[in-house]
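Notes follow the structure.
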Amino acid sequence: MGTIIEPFRIKMTEPLAITTQEQREKWLREAHFNIFLLSSDQITIDLLTDSGTGAMSTKQWGALMQGDETYAGSRSWYRFRDTVDQITGLKHIFPIHQGRAGERILSQIRLKSGDVVPNNGHFDTTRANIEWMGAQAVNLVIEEGKNFALDHPFKGNMDIPKLKRLIDDTGPEKIPFAMITITNNSYGGQPVSLENIRETKALLASHNIPLIIDSARFAENAFFIHKREKGQGKRSLLDIAREIFSYADGTIMSAKKDGLANIGGFFACNDDQLAEDFKNLLILTEGFPTYGGLAGRDLEVIAVGLLEALEMEYQIYRHATVEYMEKKFREMRYPLVRPVGGHAIYLDAQQLLPHIPPLDYPGVALVNEIYLEGGVRTVELGSVMFGNIDPKTREESPAPFELVRLTFPRRVYTQSHFDYIVDIMKNIWERRESIRGYRIVKQPPFLRHFSAHFEPVK
Ligand SMILES: *Cc1c(COP(=O)(O)O)cnc(C)c1O
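This note's numbering puts the first residue of the sequence shown at 4, with every later residue one more than the last.
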């Protein structure tokens with residue numbers, strides 16, 4: 004195989020901040036050593052997230068100008084609805100301003116205290132919305148999915164025997180719906196097989212439990228099915244996506260991911276009563292059901308983006324980037340989560356920096372070092388984000404892992420940007436033993452990773 008090229012050329016440029024070591028040291032200190040507190044002018048390459056950070060195509064920009072801003076029944080709504088229908092085949096379709104708006108409405112209309120919602124891996128906002136209603140969010144990924152060193156083609160799969168046990172122990176009446184997240188973001192962006200979705204659906208159907216698919220990265224998941232699942236190699240991604248959604252009773256989609264849009268999403272379902280209840284709360288809190296909190300131009304952009312995400316050339320290129328970076332990191336001998344998922348590389352900071360104890364936050368140490376070295380922003384997924392503080396004793400316990408995620412925005416950075424990142428990581432590897440940990444000097448009671456203040460450990 005020759006070089007896989009970016010299947011697009013650049014028509015409009017956006018300058019990157021080129022910064023000096025002195026500037027970065029000063030800015031990081033001013034941001035209290037928390038990269039969430041940096042501004043974009045201080046960042047050269049931003050790998051914080053792939054959510055809403057993608058680049059739009061000429062087709063999307065062209066469609067944007069066609070946006071019909073009519074309050075009710077706009078042309079853009081019909082275009083959006085027809086595209087979502089083409090992909091999902093679901094009967095009722097509602098635009099939402101982003102994924103969590105759908106999560107909130109669905110949770111509010113269907114959940115009550117004591118309910119249980121199983122998922123192969125709840126996204127953090129999904130979990131938060133379920134718990135807000137007093138219900139319990141349970142993760143049931145297969146055991147292989149929890150082992151960072153193990154290779155498995157579909158590490159995001161639902162553990163079906165465990166799901167069966169949960170239904171038997173809880174009782175189906177306490178499970179208003181179950182979910183599958185594709186790809187399984189909370190466990191490294193790992194895909195779920197078609198077979199697993201089919202079997203999950205069959206089990207749920209036998210108990211009359213609706214299946215809601217969290218489809219933020221449905222196109223990346225369809226690509227993995229095409230590549231890895233037996234008998235799927237000849238099918239188009241649209242065809243695979245249609246089969247995925249044929250097993251769903253409903254879906255929540257954050258179009259900030261595989262919608263290739265900067266904002267937006269949708270909820271869709273088959274059940275008339277569910278649609279009616281969803282619509283009523285949507286009108287009350289988000290907007291009229293033909294725009295759902297979005298502008299007409301957003302609906303146009305998403306309608307184009309959803310189909311572009313299913314283009315084979317695009318997915319081949321996107322996955323080539325992830326694989327290229329995996330190869331480079333392996334050559335440098337960085338410990339990482341394997342196999343790589345669809346949208347990011349996860350480095351194991353604890354293994355890389357064994358001299359830094361978990362509660363000196365090796366993940367934050369590595370994130371800050373990557374920024375200082377080259378102005379690249381990444382994100383810690385470790386004890387700062389997932390650690391626990393006992394509400395009574397104030398004693399802190401670490402997370403089970405200390406990871407650093409390099410998330411790839413869609414169609415934004417070129418090969419040389421990625422080579423630049425590799426250069427940075429080479430320099431960090433050389434001096435990894437001298438990297439020191441951090442301690443927290445100030446933190447809020449919730450979601451502390453966003454705003455905590457740190458200082459280097461002496
Ligand atoms: C991003 C995301 C969400 C939430 O969507 P927002 O658009 O950020 O509100 C839900 N589930 C998954 C898997 C996601 O990646």
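C-beta atoms are modelled at their ideal positions from N, C-alpha and C, and glycine is treated no differently.
Inter-residue Cα distance where the pair is residue i and residue j
i: isoleucine 48; j: methionine 428; result: 13 Å
i: arginine 107; j: valine 425; result: 40 Å
i: isoleucine 305; j: serine 79; result: 10 Å
i: phenylalanine 332; j: threonine 293; result: 46 Å
i: aspartate 162; j: aspartate 261; result: 25 Å
i: glutamate 246; j: glutamate 458; result: 51 Å
i: lysine 204; j: threonine 184; result: 13 Å
i: leucine 355; j: alanine 75; result: 55 Å
i: glycine 290; j: valine 370; result: 39 Å
i: histidine 420; j: isoleucine 90; result: 33 Å
i: alanine 298; j: leucine 406; result: 37 Å
i: arginine 408; j: methionine 328; result: 12 Å
i: serine 249; j: asparagine 187; result: 19 Å
i: serine 110; j: alanine 312; result: 28 Å
i: methionine 136; j: serine 116; result: 6 Å
i: aspartate 88; j: proline 98; result: 12 Å
i: lysine 233; j: glutamate 198; result: 10 Å
i: methionine 256; j: glutamine 101; result: 8 Å
i: aspartate 217; j: phenylalanine 180; result: 12 Å
i: threonine 396; j: glutamine 446; result: 16 Å
i: serine 139; j: aspartate 171; result: It should be pointed out that residue 139 corresponds to glutamine in this sequence rather than to serine. So the two alpha carbons sit approximately 16 Å from each other.
i: leucine 206; j: phenylalanine 453; result: 39 Å
i: isoleucine 392; j: alanine 20; result: 37 Å
i: leucine 210; j: threonine 173; result: Before going on, a small fix: residue 210 reads as histidine here, not leucine. Rounded to whole angstroms, histidine 210 to threonine 173 spans 12 Å at the Cα level.
i: isoleucine 359; j: aspartate 154; result: 27 Å
i: proline 18; j: valine 379; result: 15 Å
i: proline 213; j: glycine 377; result: 48 Å
i: leucine 339; j: lysine 330; result: 11 Å
i: threonine 16; j: arginine 300; result: 22 Å
i: aspartate 351; j: tyrosine 337; result: 8 Å
Rounded Cβ spacing between residue i and residue j (contact assumed at less than 8 Å)
i: glutamate 9; j: leucine 375; result: In fact, because the Cβ distance is near 29 Å, the residues do not count as touching under 8 Å.
i: isoleucine 215; j: isoleucine 228; result: So it is not a contact: roughly 19 Å between Cβ atoms.
i: alanine 264; j: glycine 295; result: About 13 Å separates the two Cβ atoms, so there is no contact after all.
i: glutamate 303; j: arginine 82; result: 6 Å
i: phenylalanine 411; j: threonine 324; result: 6 Å
i: isoleucine 431; j: isoleucine 373; result: 7 Å
i: phenylalanine 157; j: proline 194; result: 5 Å
i: arginine 414; j: phenylalanine 11; result: 6 Å
i: asparagine 283; j: aspartate 252; result: Rounded, the Cβ-Cβ distance is 19 Å, inconsistent with contact.
i: glycine 159; j: tyrosine 190; result: 6 Å
i: isoleucine 178; j: aspartate 118; result: 7 Å
i: threonine 61; j: lysine 14; result: 6 Å
i: tyrosine 320; j: isoleucine 7; result: 6 Å
Q | Neighbouring residues (CB closer than 6 Å to any heavy atom of ligand 1) | A | Ser54, Gln101, Gly102, Arg103, Phe126, Thr128, Thr129, Thr184, Asn188, Asp217, Ala219, Ser257, Lys259, Lys260, Gly268
Q. Quick one: any contact between the stretch 276 to 292 and the stretch 53 to 71, if contact means 3 or more CB pairs under 8 Å?
A. no
Q: Decide if the stretch 259 to 274 is in contact with the stretch 38 to 48; the criterion is three or more beta carbon pairs, one per stretch, under 8 Å apart.
A: Segments in contact, no.
Q. Is there contact here, the stretch 386 to 405 with the stretch 50 to 62, by at least three beta-carbon pairs under 8 Å?
A. The stretch 386 to 405 vs the stretch 50 to 62: no contact.
Q | Contact the stretch 441 to 449 vs the stretch 363 to 373: 3+ CB pairs below 8 Å | A | yes
Q: Could you tell me whether the stretch 216 to 236 touches the stretch 332 to 349, where touching means 3 or more Cβ pairs closer than 8 Å?
A: yes
Q) Just checking, does the stretch 140 to 155 make contact with the stretch 119 to 128 on the three C-beta pairs under 8 Å criterion? A) For the pair of segments examined, the stretch 140 to 155 was found to touch the stretch 119 to 128: the number of CB pairs separated by less than 8 Å reaches three.
(Q) Any contact between the stretch 127 to 142 and the stretch 310 to 318? By contact I mean 3 or more CB pairs, one from each, below 8 Å. (A) no
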